[in-house]
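J.: Submitted below is the structure of interest, expressed as structure tokens.
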Amino acid sequence: MSNNFVDMEQDSSVPSPVSTNPIPERLFSLDVIRGIALLGILLISIWEFGGFSTNEQNRLRLLGKGFDFNLFASALLLFEGKMRALFSLVFGAGIILYMQKPNQPGLPSTQELYIRRQMWLMAFGVINAFLLLWPGDILFQYGVMGILLFPFFRMSKKGLLIAAIIVTLIYCGKMYWFYADDHKAYKKFKAIELIEQKNKKDSAAQHIKDSLSGMSKADLAKSDSLFKEKTKLNRIQEGDKSRWEGLVKGLKYDSTKAPEKGEKTAMWGNYKKVWQHLYQRAQGKEAAWLYRIGIWDIGSMMLLGMALLGFGFFSNRFSTGTYVLLAIAGIALGIFLGWLRLDLQHSKHVDYIKYLSKKPISPMQFFPIERLSLALGYASLIMLLLRMKLLQWLWQAFAATGRLAFSNYFMQTIICTLFFYGYGFGYFGRLTQAQLYFFVVEIWIVQMVFSVFWLRFYQYGPVEWLWRCLVYRKRFSNKKENA
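Per this note's numbering, the sequence shown starts with residue 735, numbered consecutively.
Here you go:
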């Protein structure tokens, strides 16, 4: 492997539990991929940061044409879920790299330090979600998943690959499960509709019968009130009905009013108002999303990353032909499945009841395979371009951004919350989709330049240094002696 792929500042190597060959502690390729993934994640996160509302997204899905739709569809196809998958891939490889470190005299074991790292990562995630007010935080989930996958680091590379495939298939099964739940919800709704129609018919017939029987007005009013009470649904039926109606309503574009008006009012408020508005959303992402989807979403790619490290994928051990084949096949399959998903989602938004009746699969059925294919294709393409040794300055900038990924992630949160939220500049919901992407590019430039210059003077990013001090429970010098 050429030295171009290794960060020579950390050149110690020991045998990896998933490979017979030694692997450097830090790989240049991993830093590059991590940096690209971190920057790419912001392209999707900016929707929530900037107030690109679900209602507006529904309008574009139903429109199905025009510049705004093509821009939106391109982001969905190429980046949605794929950058997080790419980041998870690198994170999984990082688990093996960290766990292969030998124990050092006078320090806790590598295993204990690893668990400390993950616990502190969870703590940073809580700070990011509930103090810095980014409900889309992923640090907490990565901390949890790092602990759950801790026992897997001793598994063979083939075993890890099989585990990644199994988890991906379970993820596909979860997508069908959710779709089956929608089927059940619609059947309950139809049954409730029949009950309501029958009750109304019976009530009307009885009311006519009572009217013709010559009852007094007082008795007639009492009888009418009694039958109206009988036509009411019980609490469970009301809940089932409202859940289905809410589901369908969430798929439609509301042109008569702006459903996001209330959200804008809250997001343009002070820190307290924004916190109150985002608290439940952040809580749901950190808890419900993790155990329903995140464990499969993140876990499948982490396991794949662990396996690929053992096979030598990130160490430049594959042939050029193999990287080319993986890049072409992965990107082609991912784009095809993504195109199919977008087409099915359009049909779903047009008439979900008709979709449920006609389509046997969920629009998201193959999304886990789509994101895995594209992430693997992207990673293979990056490895191929690194081997070609073109645009070295650009790869160095991406690598620097990846080495400061923790700091840059927090920087993205701070910049975006201050720019968009009411206690800052208050631009939430005021920029078009295209303007949001221009803002993302500006952040990319700032972060890449910052990362390159910071690493000229310091060994670690500011948050990485703090994280290291907390894990080892001692203060380290961060400034480079030759700076």
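Ideal Cβ positions, reconstructed from N, Cα and C, are used throughout, including at glycine.
Closest to isoleucine 770 by C-alpha separation, out of Ile1103, Arg1026, Ala1134 and Gly840, would be which residue?
T.: Taking only the C-alpha atoms, the option nearest isoleucine 770 is Ala1134.
J.: Closest to threonine 990 by CA distance: which of Leu810, Arg1190 and Arg793 is it?
T.: Arg793
J.: Can you tell which of Gly826, Tyr910 and Asp915 has the C-alpha that lies nearest to the C-alpha of phenylalanine 884?
T.: Gly826
J.: Between the C-alpha atoms of lysine 995 and tryptophan 868, what's the straight-line distance to the nearest angstrom?
T.: 20 Å
J.: Below 8 Å on the Cβ atoms is my guess for alanine 819 versus methionine 1035; work out the distance and round it to an integer in Å.
T.: Their Cβ separation, rounded to whole angstroms, is 5 Å, which keeps alanine 819 and methionine 1035 in contact under 8 Å.
J.: With a 10 Å radius around its C-beta and 16 neighbouring C-beta atoms as the bar for buried, classify tyrosine 1025 as buried or exposed.
T.: Result: exposed.
J.: Assuming phenylalanine 813 contacts glycine 870 under a Cβ cut-off of 8 Å, what Cβ separation, rounded to an integer in Å, is found between them?
T.: Contact between phenylalanine 813 and glycine 870 does not hold, since the beta-carbon distance rounds to 14 Å and is not under 8 Å.
J.: Tell me, which residues are paired with leucine 820 by DSSP?
T.: Partner(s): none; leucine 820 has no beta bridge.
J.: I'd like the span of the alpha helix (DSSP H) that includes proline 1241, first residue to last.
T.: This structure gives no information on residue 1241, because the portion of the chain shown stretches from 735 to 1217.
J.: Classify alanine 1066 as buried or exposed, calling it buried when 16 or more other Cβ atoms lie within 10 Å of its own Cβ.
T.: Answer is exposed; the Cβ neighbour count stays below 16.
J.: Taking the C-alpha atoms as reference points, what is the distance between tyrosine 1089 and threonine 844?
T.: 52 Å
J.: Among Leu866, Leu1042, Leu873 and Pro842, whose alpha-carbon lies nearest the alpha-carbon of alanine 857?
T.: Leu873
J.: Could you give the distance in angstroms between the alpha-carbon of isoleucine 829 and the alpha-carbon of serine 808?
T.: 32 Å
J.: Could you pull the start and end residues of the alpha helix (DSSP H) that glutamine 1181 belongs to?
T.: 1167-1191
J.: DSSP three-state label for leucine 1124, please.
T.: coil
J.: Which residues bound the alpha helix (DSSP H) around tryptophan 1009?
T.: In the DSSP assignment, tryptophan 1009 falls within the unbroken alpha helix (DSSP H) covering 1005-1020.
J.: Just mark threonine 1166 as buried or exposed, buried being the case when its beta carbon has 16 or more other beta carbons within 10 Å.
T.: exposed
J.: According to DSSP, is leucine 985 helix, strand or coil?
T.: Leucine 985: coil per DSSP, three-state reduction.
J.: Can you confirm whether the stretch 917-925 touches the stretch 1111-1118 when touching is taken to mean that 3 or more C-beta pairs between the two stretches lie within less than 8 Å?
T.: no
J.: Return yes when the Cβ of tyrosine 1161 is within less than 8 Å of the Cβ of phenylalanine 1153, no when it is not.
T.: yes
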